[in-house]
Amino acid sequence: MDIKLFDSELKVMDVLWKEGDTTAKHISDVLSKEVGWNMNTTYTLIKRCIKKGAVERSEPNFMCHALIPKEEVQKAETDELINKIYDGSADKLFTALLGRKKLSAEQIEKLKQIVGEL
């Protein structure tokens, strides 16, 4: 993915991923409640997402449509984290994640299954 989205832009995208195509006004209403942003802030962020090619605008009513799937952004962000913080080593990230808390037997089995499928 060649598009870099900032945290504030990801909040706009998250509304679209959760709710599907919707109006800019609805996105503004949601983010006003969740984050406290005013309408101008939200519209500016939506326009930045449009300019970057992450969101498509259509009329009537300033309808917004996510052009990038959430999974694509998750992969790109994970790759960036691995490269930036863990020297490109996914196993170092995996070790750090596992060392953070006690896992249930069910979670351990799920992880074994995932690793076995690699």
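Counting from 0, one number per residue, gives the positions in the sequence shown under numbering that gives the first Met the number 0.
Even glycine gets a Cβ: it sits at the ideal position worked out from N, Cα and C.
Bear in mind the structure is a predicted one, so any value in this text is a computation, not a measurement.
For Ala-65, the uninterrupted beta strand (DSSP E) segment begins and ends at 62 to 65.
One thing to note: Lys-10 has its Cβ within 8 Å of the Cβ of Val-34. In this structure, the beta-carbon distance from Thr-22 to Cys-48 does not fall below 8 Å. Under the three-pair Cβ rule at 8 Å, the region 2 to 17 counts as touching the region 28 to 43.
Where Glu-18 is concerned, the enclosing alpha helix (DSSP H) starts and stops at 6 to 18. For Ser-57, the uninterrupted beta strand (DSSP E) run begins and ends at 54 to 57, by DSSP.
A Cβ-Cβ separation of about 11 Å leaves Ala-53 out of contact with Leu-44 under the 8 Å criterion.
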